[in-house]
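A quick write-up on the structure given underneath.
Protein chains: 2
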Amino acid sequence: MTVVDEGLRLETSQHPDHETARDVVSEAIEAGALVTVVGRCTVDYEGRASSTLGPGERLVMLKPDGAALVHTDEGQQPVNWQPPDCEHEATLVDGRLLVESHRETPEEHLAVSFESVLEVSAYGLTDERDLSLEGTEEDLRQRILDDPTLIETGFVPLATERQTPAGAVDIYGEDGDGRAVAVELKRRRVGPDAVGQLGRYVDAMDRDLHADTDVRGILVAPSVTDRASRLLAERGLEFVPLTPTGAAECDT
Amino acid sequence: MTVVDEGLRLETSQHPDHETARDVVSEAIEAGALVTVVGRCTVDYEGRASSTLGPGERLVMLKPDGAALVHTDEGQQPVNWQPPDCEHEATLVDGRLLVESHRETPEEHLAVSFESVLEVSAYGLTDERDLSLEGTEEDLRQRILDDPTLIETGFVPLATERQTPAGAVDIYGEDGDGRAVAVELKRRRVGPDAVGQLGRYVDAMDRDLHADTDVRGILVAPSVTDRASRLLAERGLEFVPLTPTGAAECDT
DNA sequence: CGATGGATATCGCAC
DNA sequence: GTGCGATGTCCATCG
Chain A
1 MTVVDEGLRL ETSQHPDHET ARDVVSEAIE AGALVTVVGR CTVDYEGRAS
51 STLGPGERLV MLKPDGAALV HTDEGQQPVN WQPPDCEHEA TLVDGRLLVE
101 SHRETPEEHL AVSFESVLEV SAYGLTDERD LSLEGTEEDL RQRILDDPTL
151 IETGFVPLAT ERQTPAGAVD IYGEDGDGRA VAVELKRRRV GPDAVGQLGR
201 YVDAMDRDLH ADTDVRGILV APSVTDRASR LLAERGLEFV PLTPTGAAEC
251 DT
Chain B
253 MTVVDEGLRL ETSQHPDHET ARDVVSEAIE AGALVTVVGR CTVDYEGRAS
303 STLGPGERLV MLKPDGAALV HTDEGQQPVN WQPPDCEHEA TLVDGRLLVE
353 SHRETPEEHL AVSFESVLEV SAYGLTDERD LSLEGTEEDL RQRILDDPTL
403 IETGFVPLAT ERQTPAGAVD IYGEDGDGRA VAVELKRRRV GPDAVGQLGR
453 YVDAMDRDLH ADTDVRGILV APSVTDRASR LLAERGLEFV PLTPTGAAEC
503 DT
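See below:
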């Protein structure tokens, strides 16, 4: 049974035979629609890695931008996928619907072979995609630039994203004694990796500036793990607790 | 128009009114089905961060394990989402379908308010989820354990995931001179972060073993970036090019 | 629970 | 294109 909406906004087939499913998927891809295929299938992937997935019931989503997703009934992440800019294709192989998605650079191929198809749908969607997100690292940076004393009294920001041989420092500035300060921002509780990152910047600036006094490194985050705290101490780096939003700050 | 499959495997409504949509979604959630709702909607999220998304046409997926996904026509990633173990709910507010997903620890809430509903579907899915994946870091480890000379002649692996105060070393072993070796594995080309990670392990082992000779650190990956290569040299660490699969290896 | 690090991570930006 | 770092990263594993 197939229902076709006016203006190709929606086309759905329940329990289509494989040939009908192939036709609906092919035409929908051609028309730039978003397609979902639900049914029992196997999945093979080959590319940066390779995988096989035995028979099971899944939902396959093909987006008009070339992305493909294979979702099971569990997990936020798809069990298999292709990134955008792939070419989708629907064919019949041995009388069965085969959905493939392929790209080059890197060479990657995804193949979904259906044993049975519960439903095929095609949606003509339009979206402005104007997501507004708050509580990011960018918000934390702005909070500090608006009130540098949140770092410490006398701190003066001089640059953001200042380049060093090791990468860009989130905020570069001077403390009340005129000493250079590198600030690394994290929107959430940090582990050892963030300490390593800050350490690399401070080392690079020490080398680069070859001043008489070492550069101070300050990690700014809501909180820090034990191991990271120990690493900070070992490397003579500092920590200032601060959240992106001004919410209650954790201890440590 | 609504179609109900035998055994509740499939229920689909095209252009349902909001009350019908609410009923279908509610009953499907209750029944443990996977639900998709396609239509024009706005999305509000509040939790670890917060976001708002203006009107647009999207596909909302509610999984029986509590995960929720809001997909636009672009991108591999959902524009909004909730992780598994959330509670889904469908209600009518001012005559409009409102789909909400909520969890605690951390407190997070997602609300999708529909202006219009193109289609609602509920699928009863079962999946064994027996994904077999190759080309992972684990494969790289096994490759080395099978033939330790891939690292160098005389290398003897003694332990995997050996704990240090800085974390677990992928492979711990000895070289032909009986000197301790820490091996860090990466399945793909590495940047500065991997060098920092290996450096932390080597430093920790130097401290921990306080032997007369320093611990050797070897990074194993298909290739390495310039900056990472420089960092390796600075810290006296080594690099061995190797892929998880035995594919052709890149230079440097 | 939190901590830690992998991932076919994806994504965006700068070079 | 590659390099680099952020992400409401997610996720499995381990303590």
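Sequence order for the protein chains is A and B. Residue numbers are given in this note's numbering: position 236 of the first sequence equals residue 236, and the series is strictly consecutive. Residue numbers are given in this note's numbering: position 180 of the second sequence equals residue 432, and the series is strictly consecutive. All C-beta atoms in this analysis are idealised placements derived from N, C-alpha and C, irrespective of residue type, glycine included. Remember, predicted model here, so these are calculated numbers, not experimental data.
Item	Value
Closer than 9 Å at the beta carbon, the chain A residues around Ser-303/B	Leu-131, Ser-132, Leu-133, Glu-134, Gly-135
Residues bridged to Val-421/B [DSSP beta-bridge criterion]	Arg-414/B
Burial state of Glu-107/A (16 or more Cβ within 10 Å)	exposed
Residues that Lys-186/A contacts on chain B, provided the C-beta gap is smaller than 9 Å	None at all; the shortest Cβ gap to chain B is about 13 Å.
First through last residue of the alpha helix (DSSP H) which encompasses Arg-230/A	226 to 234
Residues that Gly-217/A bridges to, as DSSP identifies them	Ala-182/A
Met-313/B: contacting residues in chain A (beta-carbon distance under 8 Å)	Leu-59, His-71
Buried versus exposed call for Ala-221/A [16 or more other C-beta atoms within 10 Å across all chains shown]	buried
9 Å Cβ cutoff, Tyr-123/A in contact with chain B	yes
Three CB pairs or more closer than 8 Å across the segment 362 to 376 of chain B and the segment 347 to 354 of chain B	yes
C-alpha gap between Arg-431/B and Thr-465/B, whole angstroms	7 Å
Gln-142/A: first and last residue of the uninterrupted alpha helix (DSSP H) it sits in	137 to 146
Which residues DSSP lists as bridging Thr-245/A, in chain order	In DSSP, Thr-245/A forms no bridge with anything.
Under 8 Å by beta carbon: chain B residues contacting Glu-128/A	Gly-306, Pro-307, Gly-308
Cβ neighbour criterion (16 or more within 10 Å) applied to Val-447/B	buried
Beta-carbon proximity list for Arg-9/A, same chain, < 8 Å, skipping 5 on both sides	Tyr-123, Gly-124
Gly-419/B: contacting residues in chain A (beta-carbon distance under 9 Å)	Pro-192, Arg-227
Status (buried if at least 16 other CB within 10 Å, exposed otherwise) for Ser-13/A	buried
Same chain, Cβ closer than 8 Å to Glu-339/B, five either side skipped, listed in chain order	Gly-318, Ser-353, His-354, Arg-355
Buried or exposed by the 16-neighbour rule on C-beta atoms within 10 Å, applied to Asp-382/B	exposed
Interface flag, Glu-119/A vs chain B, CB-CB below 9 Å	yes
Status (buried if at least 16 other CB within 10 Å, exposed otherwise) for Leu-145/A	exposed
Nearest-angstrom Cα separation, counted from Arg-439/B out to Arg-216/A	35 Å
Straight-line Cα distance separating Tyr-453/B from Gly-299/B	35 Å
The alpha helix (DSSP H) enclosing Ser-278/B, as first and last residue numbers	270 to 283
Neighbour flag for Val-38/A against chain B, beta carbons, 9 Å	yes
Residue-level contact to chain A via CB, Leu-483/B, 9 Å cutoff	yes
Simplified DSSP state of Thr-153/A, which is helix, strand or coil	coil
CB of Gly-154/A within 9 Å of CB of Asp-170/A, strictly	no
Alpha carbon of Thr-388/B to alpha carbon of Ala-211/A, nearest angstrom	45 Å
Contact the segment 11 to 26 of chain A vs the segment 41 to 55 of chain A: 3+ CB pairs below 8 Å	no
Interface residues of chain B facing Leu-10/A [CB-CB closer than 7 Å]	Gln-266, Leu-370, Glu-371
Residues within the segment 331 to 365 of chain B neighbouring chain A, beta-carbon criterion of under 9 Å	Val-331, Asn-332, Trp-333, Gln-334, Pro-335, Pro-336
Exposure of Leu-392/B, with buried meaning 16 or more beta-carbon neighbours within 10 Å	buried
Any C-beta of chain A under 9 Å from that of Ala-319/B	yes
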